[in-house]
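Line by line, the protein sequences are chains A and B. Heads up: the first sequence begins at 0 in numbering that gives the first Met the number 0, then just goes up one per residue. Heads up: the second sequence begins at 0 in numbering that gives the first Met the number 0, then just goes up one per residue. This report concerns only the one structure given below.
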Amino acid sequence: MALLEVNHLDVRFALRLGEVHALRDVNFTLERGERLGIVGESGAGKSVAAFSLLNLIAKPGFIAGGEVRFDGKQLNSMSERALRKVRGNRISMIFQDPMMTLNPVLSIGEQMLECLKAHRRISSKEARAIALDKLRQVQIPSPETRLDQYPHELSGGMRQRIIIAIALLLDPDIIIADEPTTALDVTIQAEIMALLLELCEKYNVGLILITHDLGVVSQVTQRMLVMYAGRVIEQGPTREIINDPQHPYTQGLINALPQMATPGEKLNQIRGSMPSLSNLPSGCAFHPRCDFIKRADGTQRPACTQQVPEFVTSGNCKVACHMVAELLDKEANDEARLKETNP
Amino acid sequence: MIAFLVKRLFHALLVMFVISIIAFAIQDNLGDPIQQMVGQSVPESERAELREELGLNDPFLVQYARFAINAAQFDFGYSYVFNQPTTEVIARHLPATLELVAAATFLIITLSVPIGVYSAIKPRAWLSRFFMGISIVGISIPVFLTAIMLIQLFAIGVSWTPFPVDTAWGSWLNDLISTEGGMPAYGRGNPVPVFGTWETNFASLEGLTYLVLPAVSLASIMLPLFIRLIRAEMLEVMQSDYVKFARAKGISMRRIYFLHALKNTMLPVITVGGVQIGTLVAYTILTETVFQWPGMGLMFLDAIERSDIPLIVTYLMIVGLIFVITNTIVDLIYGLVNPTVKLTGKPA
């Protein structure tokens with residue numbers, strides 16, 4: 000059994016205008032020490048997915064169905080009290096903007112020690128020693144003085160290091176990192192990512208990395224999910240998806256990387272923009288932006304605009320796309336016919 | 000810390016300088032002091048002599064300098080009406096006002112923080128909605144009307160109440176409202192002398208009962224404002240990333256509400272609060288008049304009625320001084336709560 004199992008997770012927001020489906024039928028697993036990437040444009044539901052794992056989505060959002068299983072226990076039906084023992088202790092989080100994540104009026108020491116004291120019965124002295132040790136591991140110079148400092152006295156990169164130290168304080172099994180480097184200076188991004196990776200490897204911590212940086216995902220993670228409009232549209236081993244993306248959206252994302260463009264030419268892009276979750280297109284949510292709703296021979300594929308695509312298995316990956324399903328069917332038929340004609 | 004204090008002291012002196020110019024300009028232009036002093040029967044020649052003697056014919060700047068030098072030594076001249084140094088008259092009335100303001104401030108702080116926090120934590124609860132509704136009503140009703148209603152309900156009593164007599168809570172409310180001659184609503188009663196001119200209402204139960212209605216009506220202006228301010232700030236803070244992060248760390252909600260969120264909520268509230276509590280001193284004019292509370296406000300209205308110009312000027316200066324002092328104290332408190340403000344005066 001996997002350490003973390005997410006089955007048919009379904010998250011909705013009860014808005015005044017009606018329910019908005021923010022997450023539909025999300026399934027994945029994470030083993031101890033494994034690294035999983037979740038990619039997609041803004042609004043695809045990546046952060047909602049991250050927050051719903053620990054049942055931290057803010058109202059009016061709620062988990063409408065499915066389950067999150069961690070270490071055999073179902074997290075989404077746990078009491079708030081029991082969940083609190085998991086949060087920050089066995090599963091911890093790293094947020095996007097280090098400038099906003101630390102409380103401006105509490106000292107670094109207070110914010111580190113309170114986390115330790117919330118989960119363990121230890122003296123301030125012991126807690127301080129653990130905090131200092133973690134600060135050293137994230138390579139913060141003169142950690143003793145940092146404990147008495149306030150967030151505004153530290154740079155963004157330094158603060159993100161402290162947040163990583165807080166995430167590691169209780170030796171968690173899983174860290175959920177929601178775009179941990181997006182708000183940082185480009186020169187510091189690589190440093191922070193390398194540090195996070197190194198520590199996860201050292202302590203065999205599972206990492207769920209949410210990002211829109213495909214480059215980082217391809218270097219860091221072993222498996223990945225590609226999300227679009229609240230759904231997973233492609234998932235599987237990172238290497239396979241990056242080298243041979245099946246879904247037109249994933250292809251578009253990879254094509255849009257600056258290094259894929261010819262120098263001097265315009266950068267590639269996917270035309271159009273992500274639809275609003277409250278007003279999804281019929282059939283496959285991606286079809287208005289898709290270049291493949293017509294077959295190679297020019298005929299329309301009606302399923303694209305009428306039917307929500309099911310997952311099909313291609314290699315080690317799962318893809319939700321009518322075009323891919325059709326191609327796979329055709330290949331299977333061709334093979335069968337080949338066998339019939341020359342037995 | 001000392002550098003900060005020196006800087007604030009300099010600001011305070013600047014503000015007092017401006018106030019003194021305004022106060023003096025009023026003194027210089029309001030009525031004829033000779034007229035006030037000698038009355039109708041004295042001939043014009045004697046008046047001119049007296050005017051010369053008192054230096055009233057000197058140029059504006061000379062007169063202002065004389066006024067400022069005296070004012071710096073807390074000498075604002077004699078009250079026409081009381082025929083005493085104005086500072087003595089003020090000193091006699093100041094304790095009553097300060098006690099009233101202190102009681103109102105106490106009510107505001109002890110009520111607005113819990114109510115504001117509660118209605119931010121549970122914005123949909125019917126109690127929160129009730130508080131929000133009441134606070135709108137509270138903001139809309141002028142203080143003298145609140146005061147008169149309080150007197151009618153709790154001091155004079157009414158013959159008819161909307162509460163059912165046959166239930167326990169109904170008869171309790173009826174007793175509270177309709178008992179005849181309930182709460183005292185006139186003057187200070189018999190305050191206990193502490194030292195000098197200071198007599199206090201805080202030292203006896205009787206004194207406290209005299210304080211209740213005036214303090215409640217004075218608080219009624221600011222209380223709704225503070226409740227709404229705290230609620231709005233707290234709601235905003237609860238949306239912040241650091242609160243979400245604290246939840247993700249597994250911290251208890253109680254600690255998040257009352258440490259993480261409340262401390263950030265209080266920063267703007269302290270700033271606004273400092274200014275508003277200064278304003279309360281000025282608002283006492285209305286409350287003191289309705290309740291005949293023998294404080295500075297009542298004295299000030301009296302002074303205006305009788306054109307007691309030195310007393311008016313002294314009142315302005317003293318109220319200005321109180322304003323400046325409270326604001327400096329509030330700045331100090333703010334600096335202690337907010338670590339991003341350095342009290343050293345050095346640029347961060």
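Built from N, CA and C at the ideal position, the CB exists for glycine as well. The structure displayed is predicted, hence computed values, not measured ones.
Contact list for residue i against chain A, beta-carbon separation under 7 Å
i: serine 219 of chain B; result: Those do not exist, as serine 219 of chain B stays about 31 Å from chain A at its closest Cβ, beyond 7 Å.
i: histidine 10 of chain B; result: Chain A residues near histidine 10 of chain B: none, gap ~24 Å exceeds 7 Å.
i: aspartate 367 of chain B; result: Because chain B is modelled from 0 through 347, residue 367 of chain B falls outside the range shown and cannot be assessed.
i: phenylalanine 3 of chain B; result: Residues of chain A passing the Cβ test: none, with the nearest at roughly 18 Å.
Cβ pair residue i, residue j closer than 8 Å
i: valine 392 of chain A; j: valine 225 of chain A; result: Residue 392 of chain A falls outside the range modelled here, since chain A spans only 0 to 342, and no answer is possible.
i: serine 111 of chain B; j: leucine 222 of chain B; result: yes
i: leucine 98 of chain B; j: phenylalanine 9 of chain B; result: It is glutamate, not leucine, that sits at residue 98 of chain B in the sequence shown. No.
i: isoleucine 10 of chain A; j: glycine 60 of chain A; result: Residue identity check: residue 10 of chain A is valine in the sequence provided, not isoleucine. Yes, Cβ-Cβ distance for valine 10 of chain A and glycine 60 of chain A is below 8 Å.
i: glycine 32 of chain A; j: valine 219 of chain A; result: no
i: phenylalanine 285 of chain A; j: methionine 322 of chain A; result: no
i: serine 106 of chain B; j: valine 215 of chain B; result: The question names serine, yet the displayed sequence has leucine at residue 106 of chain B. Against a cut-off of 8 Å, the Cβ pair of valine 215 of chain B and leucine 106 of chain B comes out as a contact.
i: leucine 297 of chain B; j: glutamate 304 of chain B; result: no
i: leucine 195 of chain A; j: proline 179 of chain A; result: yes
i: leucine 212 of chain B; j: isoleucine 150 of chain B; result: yes
i: arginine 86 of chain A; j: leucine 206 of chain A; result: no
i: arginine 50 of chain B; j: isoleucine 25 of chain B; result: no
i: methionine 273 of chain A; j: glycine 42 of chain A; result: yes
i: isoleucine 253 of chain A; j: isoleucine 241 of chain A; result: yes
i: leucine 315 of chain B; j: isoleucine 18 of chain B; result: yes
i: aspartate 184 of chain A; j: glycine 214 of chain A; result: no
i: glutamine 245 of chain A; j: leucine 198 of chain A; result: no
i: proline 94 of chain B; j: glutamate 198 of chain B; result: yes
Residue i - partner residues in DSSP beta bridges
i: phenylalanine 194 of chain B; result: B:Trp197
i: glycine 36 of chain A; result: A:Leu208, A:Met223
i: leucine 217 of chain B; result: The partner list for leucine 217 of chain B (beta bridge, DSSP) is empty, contrary to what the question assumes.
i: glutamate 66 of chain A; result: A:Asn6
Cut-off 7 Å between Cβ atoms - residues of its own chain near residue i, not counting five sequence neighbours on either side
i: threonine 340 of chain A; result: none
i: valine 164 of chain B; result: Ser170, Asn173
i: leucine 236 of chain B; result: Inspection of the sequence shows that residue 236 of chain B is occupied by valine rather than by leucine. Hits under 7 Å: Val242, Ala260, Asn263, Thr264.
i: lysine 45 of chain A; result: Ile37, Gly39, Ile209, Met226
Closer than 9 Å at the beta carbon, the chain A residues around residue i
i: isoleucine 250 of chain B; result: Arg83, Arg86, Gly87, Glu113, Cys114, Ala117
i: lysine 243 of chain B; result: Phe50, Leu55, Ala57, Met92, Phe94, Thr100
i: arginine 254 of chain B; result: Glu113, Ala117
Bounding residues of the beta strand (DSSP E) (the contiguous stretch that carries residue i)
i: leucine 297 of chain B; result: First-last for leucine 297 of chain B: 295–304, but that is the alpha helix (DSSP H), not the beta strand (DSSP E).
i: alanine 319 of chain A; result: 316–319
i: proline 179 of chain A; result: From DSSP, proline 179 of chain A is part of no beta strand (DSSP E); its letter is neither H nor E.
i: asparagine 69 of chain B; result: Asparagine 69 of chain B -> not in any beta strand (DSSP E); alpha helix (DSSP H) instead, spanning 59–71.
i: threonine 261 of chain A; result: Run containing threonine 261 of chain A: none; DSSP gives neither H nor E here.
i: arginine 11 of chain A; result: 3–14
i: methionine 92 of chain A; result: 90–93
i: phenylalanine 27 of chain A; result: 17–29
i: isoleucine 17 of chain B; result: Note on identity: in this sequence residue 17 of chain B is valine, with isoleucine being the wrong assignment. Run containing valine 17 of chain B: none in the beta strand (DSSP E); it sits in the alpha helix (DSSP H), 1–28.
i: valine 85 of chain A; result: Careful: valine 85 of chain A lies outside any beta strand (DSSP E), inside the alpha helix (DSSP H) at 79–85.
i: valine 311 of chain A; result: 310–313
Own chain, CB closer than 6 Å to residue i, minus 5 neighbours either side, in chain order
i: lysine 345 of chain B; result: A caution first: lysine 345 of chain B carries a pLDDT of 45, below 50, which makes its placement in the model too unreliable to give a value.
i: glutamine 268 of chain A; result: Ala255
i: threonine 28 of chain A; result: Ala1, Glu4
i: isoleucine 321 of chain B; result: Val280
i: methionine 92 of chain A; result: Ile175
Interface partners of residue i on chain B, CB under 9 Å
i: tyrosine 149 of chain A; result: Pro338, Thr339
Cβ neighbours of residue i in the same chain (closer than 8 Å, five flanking residues each side left out)
i: arginine 127 of chain A; result: Gly108, Leu112, Leu146
i: proline 84 of chain B; result: Asp74, Phe75, Gly76, Tyr77, Ser78
i: histidine 118 of chain A; result: Lys84, Gly87, Asn88, Leu169
Span of the alpha helix (DSSP H) around residue i
i: methionine 273 of chain A; result: That residue, methionine 273 of chain A, is in no alpha helix (DSSP H); it is neither H nor E in DSSP.
i: histidine 259 of chain B; result: Per DSSP, histidine 259 of chain B belongs to no alpha helix (DSSP H) and is neither H nor E.
i: arginine 238 of chain A; result: 237–242
i: aspartate 132 of chain A; result: 123–136
i: phenylalanine 129 of chain B; result: 125–139
i: isoleucine 107 of chain B; result: 85–120
i: threonine 249 of chain A; result: 247–254
Partner residues on chain B for residue i, Cβ-Cβ distance less than 8 Å
i: leucine 53 of chain A; result: Ala247
i: isoleucine 165 of chain A; result: Lys248
The ligand NAP heavy atom lying under 7 Å from the CB of residue i
i: leucine 101 of chain A; result: In terms of ligand content, the structure shown is empty, and the ligand NAP therefore cannot be addressed.
Chain A residues whose Cβ lies nearer than 8 Å to that of residue i
i: asparagine 263 of chain B; result: Asn102, Pro103, Val104
i: histidine 259 of chain B; result: Asn102, Leu105
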